[in-house]
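Asks: Note that this note's numbering has the sequence shown beginning at -2, numbered continuously upward. Note that beta-carbon positions come from the ideal geometry of N, C-alpha and C, so glycine has one too.
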Amino acid sequence: MSARSFEICIDANDPQLLRRFWCAALGYVEQVTAEGAVDLVDPSGRGPTLWFQQVAETKTTKNRVHLDIRVPDADRRTLVSQLCELGGREIRTAPRFTVLADPEGNELCLTE
């Protein structure tokens, strides 16, 4: 079987706002494609590409899929603060993870 790769597409009302948030959350960088779209890519080349599709509808229910981002426990509070400054919202904190929402309400977890 050949190797497979994948991209993650996230619907967004304001793709630029979400790109800034998710670049900070993941340590990714923006990359303009040949077609002029803006992807978020892992500078190490290991993680999947993210792209944000502009849609008119707003998010209305809990995500069926969300990202868990592994971050050293000592750095978690700092990243939570940084993401909240970029429009995120802390939903709840437990000893081993923090649940956040991005500026449009998409849930994610920071785990140790």
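#1: Thinking C-alpha only, which one of Ala31, Thr46 and Leu37 is nearest glutamate 4?
#2: Quick one: what does DSSP say leucine 107 is sitting in, helix, strand or coil?
#3: Less than 8 angstroms between the CB atoms is what I'm expecting for isoleucine 66 and leucine 105, so what's the real figure, rounded?
#4: Output yes or no for whether 9 angstroms exceeds the beta carbon distance between glycine 84 and phenylalanine 18.
#5: In or out: aspartate 99 buried (at least 16 other Cβ within 10 Å) or exposed?
#6: Can you give the Cα-Cα distance for alanine 91 and leucine 80, rounded to whole angstroms?
#7: Cutting at 8 angstroms between CB atoms, please list the residues of its own chain near tyrosine 25, excluding the five before and the five after it.
#8: Counting only runs that start and end within the segment 52 to 109, where is the beta strand (DSSP E) found for 3 or more residues in a row?
#9: In the DSSP assignment, find the unbroken beta strand (DSSP E) run with alanine 31 in it and report its ends.
#10: Residues in its own chain within less than 6 angstroms of cysteine 6 by CB, not counting five upstream and five downstream?
#11: Any idea if threonine 30 is buried or exposed, counting beta-carbon neighbours within 10 angstroms, 16 or more meaning buried?
Replies: Reading from the atomic positions:
#1: For the purposes of this step, residue 4 is taken as residue 7 along the sequence shown, with counting starting at 1. For the residues Ala31, Thr46 and Leu37, the minimum Cα distance to glutamate 4 belongs to Thr46.
#2: Residue 107 sits at position 110 when you count from the first residue of the sequence shown. The answer is strand: DSSP assigns leucine 107 an E or B state.
#3: Position 69 of the sequence shown, counted from the first residue, corresponds to residue 66. Position 108 of the sequence shown, counted from the first residue, corresponds to residue 105. Separation of the CB atoms of isoleucine 66 and leucine 105 is rounded to 6 angstroms, and the pair is thereby assigned contact status at 8 angstroms.
#4: The count along the sequence shown starts at 1 and reaches residue 84 at position 87. The count along the sequence shown starts at 1 and reaches residue 18 at position 21. Yes. Within cutoff.
#5: Mapped onto the sequence shown, residue 99 falls at position 102. Within a 10 Å sphere around the beta-carbon of aspartate 99 sit 16 or more other beta-carbons, which makes this residue buried.
#6: The residue you call residue 91 lines up with position 94 of the sequence shown. The residue you call residue 80 lines up with position 83 of the sequence shown. So the two alpha carbons sit approximately 17 angstroms from each other.
#7: The residue labelled residue 25 in the question sits at position 28 within the sequence shown. These residues qualify, in order along the chain: Trp19, Leu37, Val38, Asp39, Pro40, Gly44 and Leu47.
#8: You should have 64 to 67, 86 to 90, 94 to 98 and 104 to 108.
#9: Taking the sequence shown and counting its residues from 1, the one referred to as residue 31 is at position 34. Segment: none, alanine 31 is in no beta strand (DSSP E) and carries neither H nor E.
#10: For this step, residue 6 is matched to residue 9 along the sequence shown. Cβ neighbours of cysteine 6 beyond the five flanking positions: Trp48 and Gln50.
#11: Taking the sequence shown and counting its residues from 1, the one referred to as residue 30 is at position 33. For threonine 30, the number of other beta carbons within 10 angstroms of its own is below 16, and it is reported as exposed.
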